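420 is the number of the first residue of the sequence shown in the numbering used here; add one for each residue after it.
Built from N, CA and C at the ideal position, the CB exists for glycine as well.
Keep in mind the model is a prediction, meaning the values are calculated, not measured.
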Amino acid sequence: ENFDLMIDLVINHVSRESLWFVDFINQRPPACYYFWEIDPSVDLSDVVRPRKSDLLTPVHTHQGVKY
């Protein structure tokens, strides 16, 4: 069967200075697996948020820019 799915999901943020995020930037396991990355060309126009700021934030890592 086909389903339409809507999720009310709140994913909290983490500080850029947190050790987990610093390890993500340096691509150190296991922290490099703790964050979701998404191609900025993906259509995210159906995402509803209560703010106007960009949904994705570019992050400079040792493997290039990630979103």
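Using the three-state DSSP reduction, which class does residue i fall into: helix, strand or coil?
i: Val-484; result: strand
i: Val-433; result: coil
i: Tyr-452; result: helix
Can you find the residues in the same chain that come closer than 6 Å, C-beta to C-beta, to residue i, ignoring five residues on each side of it along the sequence?
i: Val-478; result: Lys-485
Quick one: what's residue i bridged to in DSSP?
i: Val-441; result: Val-441 is not bridged to any residue.
i: Val-478; result: Lys-485
Spell out whether any CB of chain C is found under 9 Å from the CB atom of residue i.
i: Asn-445; result: Here there is only one protein chain, and chain C is not present.
Can you list, in chain order, the residues of its chain with a C-beta nearer than 7 Å to that of residue i? Leave out the 5 residues immediately preceding and following it.
i: Leu-475; result: Ile-457, Pro-459, Tyr-486
Alpha carbon to alpha carbon, how far is residue i from residue j?
i: Arg-502; j: His-432; result: Outside the displayed range of the chain (420 to 486) lies residue 502, so it cannot be described from this structure.
i: Ser-437; j: Asp-465; result: 30 Å
i: Gln-482; j: Phe-443; result: 10 Å
i: Val-467; j: Asp-423; result: 16 Å
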